[in-house]
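Numbering (UniProt numbering), first residue to last: 1 to 279.
See structure below.
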């Protein structure tokens with residue numbers, strides 16, 4: 001047994017977040033990973049978690065991941081393809097790395113990156129307000145840097161974060177990339193809501209200055225989190241690790257998520273026909 005790290009991709013739509021919940025009937029990504037490890041006899045039936053286990057972060061319910069990273073004491077034969085043989089289709093291991101004996105997937109991550117796919121048409125469409133790119137990018141610039149984000153998270157301690165936000169337009173979408181050493185709960189989704197409000201003109205640029213002040217916001221001025229489904233954990237950096245892609249496992253991931261892309265495009269066309277047919 002040696003410490004090994006694994007990259008995990010998952011579609012979070014049907015999961016109540018990554019981390020296990022006290023309620024046994026609430027599905028989480030961590031639950032299905034532990035179930036797979038038990039089936040492979042890597043995790044004993046009476047063990048709470050694998051030896052040396054940690055994960056890079058806790059994604060909220062509905063949030064997906066490309067590069068969630070877990071580490072544990074694992075036998076040599078435990079390759080990503082072996083994990084996939086016991087995992088559900090919407091959770092795929094795709095790369096692995098040997099790690100030092102004291103490696104910790106949470107504490108040794110130096111940078112985490114999330115991507116949010118924000119529907120942001122340039123003109124009002126189907127009730128969605130137009131988003132001005134210049135105002136949105138100005139909001140991203142104002143939110144970048146080191147700030148106390150206590151007004152953008154339900155956490156009540158350790159709320160200072162050094163953030164980097166950047167947005168690129170892709171058709172009707174603004175693809176927002178947010179990077180930091182670590183993230184408070186719901187922070188990315190509240191950053192999205194705030195930047196979108198400035199981009200649509202629903203909030204002035206000065207709203208950001210008020211949100212970043214240490215004084216708590218009154219309840220009616222609070223920033224609600226944006227929906228979780230467009231959010232993806234896209235990268236977690238570990239300078240000491242060299243991940244090797246398991247081509248068989250990666251191909252399995254591409255096949256699974258490629259089929260889901262087609263299914264959702266088809267669903268969008270059906271919904272579009274229903275919307276357009278009622279005009």
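In this text, a Cβ means the ideal position worked out from N, Cα and C, and glycines have one as well.
Start-to-end residues for the beta strand (DSSP E) that takes in residue i
i           : result
residue 170 : 160-170
residue 234 : 231-237
residue 69  : 64-74
residue 3   : 2-10
Residue(s) in a DSSP beta bridge with residue i
i           : result
residue 125 : 128
residue 180 : 112
residue 145 : 163
residue 102 : Residue 102 is not bridged to any residue.
residue 118 : 174
residue 244 : 96
residue 55  : 70
Under 8 Å between C-beta atoms of residue i and residue j
i           : j           : result
residue 39  : residue 52  : no
residue 122 : residue 195 : no
residue 94  : residue 7   : yes
residue 238 : residue 117 : no
residue 233 : residue 5   : no
Continuous alpha helix (DSSP H) stretch holding residue i: start and end
i           : result
residue 83  : 80-84
residue 272 : 247-277
residue 34  : 29-39
residue 210 : 206-211
residue 189 : 187-200
Simplified DSSP state of residue i, which is helix, strand or coil
i           : result
residue 220 : helix
residue 326 : Only positions 1 to 279 of the chain appear in the structure, and residue 326 is not among them; the question remains open.
residue 91  : strand
residue 138 : helix
residue 152 : helix
**Request:** Report yes or no: do the region 2-21 and the region 58-65 share at least 3 C-beta pairs separated by less than 8 Å?
**Result:** Put simply, the region 2-21 touches the region 58-65. At least three CB pairs are less than 8 Å apart.
**Request:** Specify whether the region 246-260 and the region 181-198 touch according to this definition: at least 3 beta carbon pairs, one from each stretch, less than 8 Å apart.
**Result:** By the C-beta criterion, the region 246-260 is judged not to be in contact with the region 181-198, since fewer than 3 inter-stretch pairs fall below 8 Å.
**Asked** If you pair each beta-carbon of the region 86-100 with each one of the region 24-37, do three or more pairs fall below 8 Å?
**Response** Result yes; three or more Cβ-Cβ pairs closer than 8 Å.
**contact_flag[the region 147-156, the region 165-177] where n(CB pairs < 8 Å) is 3 or more** = Touching, no, given that fewer than three Cβ pairs across the two stretches are closer than 8 Å.
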